[in-house]
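Here the protein sequences line up with chains H and P, keeping their order.
Residue 19 is where the first sequence starts when you use my numbering, and the numbers rise one by one after that.
Residue 19 is where the second sequence starts when you use my numbering, and the numbers rise one by one after that.
What follows is a set of notes on a single structure, which appears directly below.
Number of protein chains: 2
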Amino acid sequence: MSLSTAQIQPGGAIPTSVTVKEDAADQPFKFENLTGKNIFVGVPGAFTGTCTRQIPGYIESYDKFKEKGVQNIYVLAVNDVFVLKAWKDSLAPNGTPIHFIADDTGAFSGALGLLFDASPRLGSPRSKRYVLITEGSSVETVLVESVPSELTITAADRVLALL
Amino acid sequence: MSLSTAQIQPGGAIPTSVTVKEDAADQPFKFENLTGKNIFVGVPGAFTGTCTRQIPGYIESYDKFKEKGVQNIYVLAVNDVFVLKAWKDSLAPNGTPIHFIADDTGAFSGALGLLFDASPRLGSPRSKRYVLITEGSSVETVLVESVPSELTITAADRVLALL
């Protein structure tokens with residue numbers, strides 16, 4: 019996993035050559051053919067404290083995001099698909115239309131320059147806490163918490179206010 | 019993480035120089051000063067199918083292991099401490115004396131030569147499915163599933179029968 023790639027800037031593009039997974043370990047896919055406005059929420063780790071406080075805001079405000087024209091919300095973490103699914107089930111026992119995406123190799127956040135070395139706490143490189151607002155495959159807004167364990171500019175209500 | 023270290027053999031020793039974690043991300047420790055008979059159960063991944071079938075056998079048979087003189091059972095996975103804790107809570111909502119250990123860097127299973135490349139399914143090197151029966155820091159019995167997704171010789175009842 020590359021920790022040295024330059025961080026994505028507004029005007030950049032969502033990586034379309036790397037694979038991620040949702041729900042199924044044997045069905046990797048790429049973010050090709052993105053259309054409309056989408057939100058990508060990168061988090062350091064499923065089941066960690068801050069992430070587990072942050073994501074319910076997106077689940078609860080999902081309809082408000084839809085009213086603002088958002089097509090999909092993707093929550094991504096450098097965890098495997100089984101962990102992401104268990105985390106989704108624990109956060110949304112009745113289900114949620116939000117997509118929980120396993121960036122299990124870190125290739126997606128790595129291509130965006132949004133990994134950091136989380137070895138002391140989590141044993142491996144992980145995603146910074148970030149939000150991307152995209153239009154098609156173009157990244158229009160980049161929000162990155164300067165301290166990954168903090169939740170400020172990437173909170174759901176703060177992101178909603180930008181739409 | 020080293021995938022090339024020779025696999026531990028009976029008569030070898032539990033690595034005492036690498037750190038793992040239990041419950042707390044900021045309290046790494048080493049398996050120093052092991053005494054008596056202990057069981058180490060390495061699994062490829064928290065929340066994966068086979069592991070989630072395997073571990074309840076150890077939880078349910080815990081008293082039988084104690085009757086056989088086992089001091090502690092350690093379940094280890096190359097997952098972070100938050101994932102291990104969530105998995106433990108899901109498998110044993112009323113608690114269990116079994117220790118769920120985060121080998122979050124893979125250093126412990128790596129030193130034992132018991133990692134494999136699980137990238138296609140899980141994105142990273144993971145622990146093979148293994149059981150070690152130890153006496154002090156000496157490894158007396160080594161059981162390794164030849165196919166990590168299978169559960170045969172490392173099932174709780176099979177291990178109990180060896181004690």
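No residue lacks a Cβ here, since even glycine has one placed at the ideal position from N, Cα and C.
None of the values given here were measured: they were computed from a predicted structure.
Where K48(P) falls, given that 16 or more other Cβ within 10 Å makes a residue buried: The residue you call residue 48(P) lines up with position 30 of the second sequence. Exposed, by the Cβ-count rule.
Of the residues D135(P), L150(P) and T152(P), the one placed nearest R144(P), counting alpha carbons only: Indexing the second sequence from 1 puts residue 144(P) at position 126. Of the listed residues, the one whose Cα sits closest to R144(P) is D135(P).
So I77(P) and A24(P) are in contact, right, with Cβ under 8 Å, and what is the actual spacing, rounded? Within the second sequence, the letter at position 59 stands for residue 77(P). Within the second sequence, the letter at position 6 stands for residue 24(P). Rounded, the Cβ-Cβ distance is 32 Å, inconsistent with contact.
Inter-residue spacing [alpha-carbon to alpha-carbon] between V160(P) and H117(P): Translated into positions along the second sequence, residue 160(P) becomes position 142. Translated into positions along the second sequence, residue 117(P) becomes position 99. Computed Cα separation, rounded: 19 Å.
Counting beta carbon pairs with one atom in the stretch 119-134 of chain H and one in the stretch 91-110 of chain H, are three or more of them shorter than 8 Å? Yes, since at least three Cβ pairs between the stretch 91-110 of chain H and the stretch 119-134 of chain H fall closer than 8 Å, the two stretches touch.
With a CB to CB cut of under 7 Å and the five nearest residues on each side skipped, what residues in its chain are close to D41(H)? To locate residue 41(H), count along the first sequence from 1; it is residue 23. Closer than 7 Å at Cβ, skipping near neighbours: V99 and K103.
So, are the CB atoms of K39(P) and A129(P) less than 8 Å apart? Residue mapping note: residue 39(P) aligns to position 21 of the second sequence, counting from 1. Residue mapping note: residue 129(P) aligns to position 111 of the second sequence, counting from 1. No.
Can you tell me where the beta strand (DSSP E) with R144(H) in it begins and where it stops? Residue 144(H) sits at position 126 when you count from the first residue of the first sequence. It spans P143 to S145 - the beta strand (DSSP E) in which R144(H) sits, taken as one unbroken run.
So, using beta-carbon positions, are I32(H) and T152(H) closer together than 8 Å? Taking the first residue of the first sequence as position 1, residue 32(H) is located at position 14. Taking the first residue of the first sequence as position 1, residue 152(H) is located at position 134. Their beta carbons are under 8 Å apart, which means I32(H) touches T152(H) by this criterion.
Measuring only between beta-carbons, confirm whether F182(H) sits less than 8 Å from chain P. Within the shown structure, residues of chain H are numbered from 19 to 181, placing residue 182(H) beyond reach of any answer.
C-beta contact flag for V88(H) and L181(H) at 8 Å: Taking the first sequence and counting its residues from 1, the one referred to as residue 88(H) is at position 70. Taking the first sequence and counting its residues from 1, the one referred to as residue 181(H) is at position 163. Going by C-beta atoms, V88(H) is nearer than 8 Å to L181(H).
Going by the DSSP bridge assignment, what does G182(P) pair with across the sheet? In the structure displayed, chain P extends from 19 to 181; residue 182(P) sits before or after that span and is not available.
If you run the structure through DSSP and keep just helix, strand and coil, what is E85(P)? Along the second sequence, one-based indexing puts residue 85(P) at 67. Helix.
Kindly say whether T53(P), judged by its beta-carbon, lies nearer than 8 Å to any beta-carbon of chain H. For the purposes of this step, residue 53(P) is identified with residue 35 of the second sequence, where counting begins at 1. No, T53(P) lies away from the interface with chain H (no Cβ there is under 8 Å from its Cβ).
Using a Cβ-Cβ distance under 8 Å, would R139(H) count as near chain P? Indexing the first sequence from 1 puts residue 139(H) at position 121. The C-beta of R139(H) comes closer than 8 Å to at least one C-beta of chain P.
To the nearest angstrom, report how far apart G30(P) and E158(P) are at their CA atoms. Along the second sequence, one-based indexing puts residue 30(P) at 12. Along the second sequence, one-based indexing puts residue 158(P) at 140. Taking the straight line joining both Cα atoms gives about 8 Å.
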